Amino acid sequence: MGQLFSWFSGTRPELQSKDLEGVAQYIASGKCKNIFIMAGAGISRAAGIPDFRSPGGLYETLRKSDVELPRPLDIFTLSYFKKNPKPFYRVMSELYGGTYRPTLTHSFIRLLEERRLLNTCWTQNVDDLERLAGVSSWRLVQAHGSLDSQHCTTCHAKLDDRAMKQAVVSGEVPLCAKPGCKGFVKPDVVMFGEALPSKFWLNIPFMWRADLLIIVGTSLAVPPFSQLADRVPVNCPRVVINTEPVSLWAVGARESDVKVVGDCDETVRRLAQLMGGDWEERLDALWQGTEDKVFRYKDHVTL
Ligand code: OAD
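Position 234 of the sequence shown, counting from 1, maps to 234 under the UniProt record's numbering, and the rest follow consecutively.
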């Protein structure tokens, strides 16, 4: 079905060059009206949150740590969580118990929205930094959920936010407060073995509108998220920004793909510079504006 939409989605000008200059020229031409983003853990690394698969990322750290897990991936596997949620909360505490603020890349996504160019930002990240940077909820699809709400895995009752924030800071497993239940509570992040939110599936058909897809800071290792890249029209340029070359094998590489190997913050700054006008100035202003948007779980709990 996605492919069908792809073929009937009208004409798009070819990039004048398959590099950032070509992308900037295309955006500035006014013919690129709907930009879609696919983001991953790499965009939050500068905020101090490790990614998963890089050397020094979460999975390697888990492999070397004393956290008891059959396989690092089990930390995000529902069946394992239901048996033993302790490693998950210990890791949550290490990952998100600190202080973090949106990165320049998050502010760039906000800038695209401000310039009425952002159609949808798809993210695999659960840290909510896109929202903290000012991206509207209705432009955001948090494909793997977020740490913003939580439910009991036994009776599905909602747990109060304060109790979850306390759990993230302390690393203690929160239990359901409903009388007689005491089930393990889990944040509404999507684990392996769980369905993705309906917002994910409902938004896929709109990808035929894409004039440009920017894939940033993701290894594209996890379907169905990775397969979104295949849902944009065949004549829609796709730009992949990553510190290492990312293979689009899972979704099929295209002649028109642009690959930028480098740091995402440096790359979006370069793109803003190439856009000219006040793009870079506004990018910096938006990012400066996130200074007071620093999020600390510790501010929300009394230990
Ligand atoms: P990965 O850790 O798999 O990939 C992050 C990518 O970002 C890597 O390819 C890095 O090279 C790149 N990267 C790191 N720092 C960067 C930077 N400063 N600039 C540009 N690129 C950078 O993370 P995801 O692709 O987000 O799922 O992982 C996808 C899913 O796998 C996660 O949502 C999680 C995990 O298992 C679940 O838990 C369900």
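C-beta atoms are modelled at their ideal positions from N, C-alpha and C, and glycine is treated no differently. If you're wondering where the values come from, they're calculated on a predicted model, not measured in any experiment.
With distances taken between CB atoms, is the gap from residue i to residue j smaller than 8 Å?
i: Asn125; j: Ala41; result: yes
i: Gly193; j: Cys152; result: no
i: Ala46; j: Asp188; result: no
i: Gln150; j: Leu159; result: yes
i: Arg209; j: Val234; result: no
i: Ala28; j: Val216; result: no
i: Cys176; j: Leu213; result: no
i: Ser93; j: Ser170; result: yes
i: Gly22; j: Val258; result: yes
i: Ile35; j: Leu104; result: no
i: Leu196; j: Ala143; result: yes
i: Glu68; j: Pro55; result: no
i: Leu95; j: Lys33; result: no
i: Arg238; j: Ile204; result: no
i: residue 327; j: Arg110; result: Nothing can be reported for residue 327: it is not among the residues displayed for the chain, which extend from 1 to 303.
i: Leu78; j: Pro102; result: no
Is residue i near the ligand OAD, judged by its Cβ being under 7 Å from some heavy atom?
i: Asp284; result: no
i: Ile214; result: no
i: Ile241; result: yes
i: Ser79; result: no
i: Gly289; result: no
i: Phe76; result: yes
i: Arg53; result: yes
i: Gln150; result: no
i: His106; result: no
i: Gly171; result: no
i: Gly217; result: yes
i: Gly48; result: no
i: His144; result: yes
i: Pro23; result: Note that residue 23 is Val in the sequence shown here, rather than Pro. Incorrect: Val23 has no Cβ contact closer than 7 Å to the ligand OAD.
i: Arg270; result: no
i: Asp263; result: yes
i: Arg45; result: yes
i: Ala210; result: no
i: Phe88; result: no
i: Glu113; result: no
i: Ala41; result: yes
i: Phe206; result: no
i: Met191; result: yes
i: Ala221; result: yes
Please state whether DSSP places residue i in a helix, a strand or coil.
i: His106; result: helix
i: Thr77; result: strand
i: Pro197; result: coil
i: Ser146; result: strand
i: Thr11; result: coil
i: Arg238; result: strand
i: Asn119; result: strand
i: Met191; result: coil
i: Leu303; result: Here the model assigns Leu303 a pLDDT of 28, short of 50, so the residue's position is not dependable and the matter cannot be decided.
i: Leu140; result: strand
i: Lys158; result: strand
i: Lys31; result: coil
i: Lys182; result: coil
i: Ala41; result: helix
i: Asp19; result: coil
Taking residue i as the reference, give the member of the options with the closest Cα.
i: Gly145; options: Cys155, Leu129 and Arg231; result: Leu129
i: Val173; options: Pro85, Leu202 and Ala28; result: Pro85
i: Ile241; options: Val260, Pro50, Asp51 and Phe206; result: Val260
i: Glu244; options: Leu220, Val232, Arg231 and Phe225; result: Leu220
i: Gly276; options: Tyr26, Thr11 and Glu14; result: Tyr26
i: Val268; options: Gly180, Asp284 and Asn34; result: Asp284
i: Gly30; options: Pro13, Arg53, Ser65 and Arg238; result: Pro13
i: Leu202; options: Leu147, Trp279 and Val141; result: Val141
i: Asp51; options: Gln288, Arg162, Thr218 and Arg238; result: Thr218
i: Lys178; options: Thr154, Val168 and Leu118; result: Thr154
i: Tyr89; options: Ser137, Leu147 and Pro70; result: Leu147
i: Pro72; options: Leu78, Met191, Leu62 and Ser17; result: Leu62
i: Asp74; options: Met207, Ser256 and Met191; result: Met191
i: Glu281; options: Ser107, Gln227 and Leu117; result: Ser107
i: Gly48; options: Leu15, Tyr80, Lys64 and Thr99; result: Thr99
i: Gly180; options: Ala163, Lys199 and Ala157; result: Ala157
i: Val222; options: Phe76, Tyr80 and Gly289; result: Phe76
Taking 7 Å as the cut-off, is the CB of residue i close to at least one heavy atom of the ligand PLP?
i: Glu68; result: Summarising the ligand content, the structure contains the ligand OAD and does not contain the ligand PLP.
- Task: Pick out the complete alpha helix (DSSP H) segments inside the stretch 248 to 294, 4 residues or longer, and give them in chain order.
- Result: List check, alpha helix (DSSP H) in window: 264 to 275 and 279 to 288.
- Task: Could I get the ranges of all uninterrupted alpha helix (DSSP H) runs contained in the stretch 47 to 76, with 4 residues as the minimum, in chain order?
- Result: Given a length threshold of 4 residues, each whole run of the alpha helix (DSSP H) inside the stretch 47 to 76 is given here in chain order: 58 to 64.
- Message: For a minimum of 3 consecutive residues, which ranges assigned as the beta strand (DSSP E) are wholly contained in the stretch 200 to 231?
- Response: Every beta strand (DSSP E) stretch that sits fully inside the stretch 200 to 231 and reaches 3 residues is listed by chain position as 212 to 216.
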